[in-house]
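Right, one structure below, let's go through it.
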Amino acid sequence: MFHQDHFAWPLTRLRRTAGAQLAIDQTDAFPEPINAGLVTLAGDSPIQLVGMMTSVGEGVLVDASVEATAQAQCSRCLTSFELPLAASIQELFVYPERRPLEDSDSDEDINLIEGDQLRLDDLVRDAIVLEMPLIPLCRPDCAGLCPICGVNLNDHPDHQHSDTVDARWLGLAQWGKLS
Ligand SMILES: [Zn+2]
Ligand SMILES: [Zn+2]
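If you're matching positions, the sequence shown starts at 285 in this note's numbering and goes up one per residue.
This is the structure:
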């Protein structure tokens with residue numbers, strides 16, 4: 285399958301001397317959306333990756349922030365709203381020849397430097413998904429919907445049914461007394 289990297293950094297400009305650094309600053313987008321429950325980062329939404337890569341003995345350390353703006357649906361009032369996401373990536377990429385051999389079970393956790401490149405797409409995607417809340421709220425004190433009629437209680441803070449319900453029951457009660 286043809287796979288195009290969006291967030292990939294060549295290491296040609298980074299010296300392998302421990303402590304050598306190179307800044308990362310890139311805005312790109314994935315063509316496909318990223319979804320988690322009620323939160324979606326639409327395809328082609330800009331994602332900003334800013335940080336630093338640092339040479340360490342066995343590889344390259346990446347320390348970067350990831351920022352994007354997702355669309356979310358409030359879990360209480362169902363309103364759609366823009367949700368800024370800010371994640372961070374701290375990962376070590378290991379040169380293939382420095383890959384530890386003794387613990388093959390942990391291979392999945394090792395980021396390998398492939399073809400002199402840092403390939404960050406999966407890390408960027410994972411960092412974004414982890415920041416997507418399971419129970420998004422349009423605001424921390426969202427009042428939600430009226431459980432009786434569904435009106436948005438944020439827009440109608442004084443909304444209530446108790447008066448009309450009481451009046452109806454009162455009417456019935458009086459009718460009962462009269463008959
Ligand atoms: Zn809400
Ligand atoms: Zn109501």
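Think of the CB as a built atom: it goes at the ideal place given N, C-alpha and C, for glycine as much as any other residue.
(request) Would you grab the beta carbon distance between Pro420 and Val323 for me? Rounded to a whole angstrom, and I think it's under 8 angstroms. (result) As a position in the sequence shown, residue 420 is number 136, starting the count at 1. As a position in the sequence shown, residue 323 is number 39, starting the count at 1. The pair is a contact, with the Cβ atoms about 6 angstroms apart (cut-off 8 angstroms).
(request) Measure the CB-CB distance between Met336 and Ala348 and report whether it falls below 9 angstroms. (result) Along the sequence shown, one-based indexing puts residue 336 at 52. Along the sequence shown, one-based indexing puts residue 348 at 64. At a Cβ-Cβ threshold of 9 angstroms, Met336 and Ala348 count as neighbours.
(request) Could I get the ranges of all uninterrupted alpha helix (DSSP H) runs contained in the stretch 378-448, with 4 residues as the minimum, in chain order? (result) Within the stretch 378-448, the complete alpha helix (DSSP H) runs of at least 4 residues are 405-415.
(message) Quick check on the burial criterion: 16 or more other C-beta atoms within 10 angstroms. Buried or exposed for Cys433?
(response) Here residue 433 refers to the residue found at position 149 when the sequence shown is read from its first residue. Exposed, by the Cβ-count rule.
(request) Examine ligand 1 and report whether any of its heavy atoms sits within less than 8 angstroms of the Cβ of Gly428. (result) In the sequence shown, the residue the question calls residue 428 occupies position 144. It does: the Cβ of Gly428 is within 8 angstroms (strictly closer) of some heavy atom of ligand 1.
(request) Say whether the stretch 433-443 touches the stretch 329-343, bearing in mind that this needs 3 or more beta-carbon pairs closer than 8 angstroms, one atom from each stretch. (result) Counting Cβ pairs under 8 angstroms, fewer than three are found: no touch.
(request) Please name the residue in Cys422, Asp442 and Cys426 whose C-alpha comes closest to that of Glu366. (result) The residue you call residue 366 lines up with position 82 of the sequence shown. Per the Cα distances, Cys422.
(request) Sort out for me which residues DSSP pairs Pro347 with in a bridge. (result) Reading the sequence shown from its first residue, position 63 is the one you call residue 347. It is Asp, not Pro, that sits at residue 347 in the sequence shown. Beta-bridge partners of Asp347 (DSSP): Met336 and Gln374.
(request) Measure the C-alpha to C-alpha separation of Val413 and Asp393 and round it to an integer number of angstroms. (result) Counting from 1 along the sequence shown, the entry for residue 413 is found at position 129. Counting from 1 along the sequence shown, the entry for residue 393 is found at position 109. Put simply, the backbone Cα of Val413 is about 18 angstroms away from that of Asp393.
(request) For the beta strand (DSSP E) containing Gln310, list its first residue and its last residue. (result) Indexing the sequence shown from 1 puts residue 310 at position 26. Element bounds for Gln310: Gln305 to Asp312.
(message) Rounded to the nearest angstrom, what separates Asp410 and Ser372 at their Cα positions?
(response) By 1-based counting over the sequence shown, the position of residue 410 is 126. By 1-based counting over the sequence shown, the position of residue 372 is 88. The alpha-carbon separation between Asp410 and Ser372 amounts to approximately 10 angstroms.
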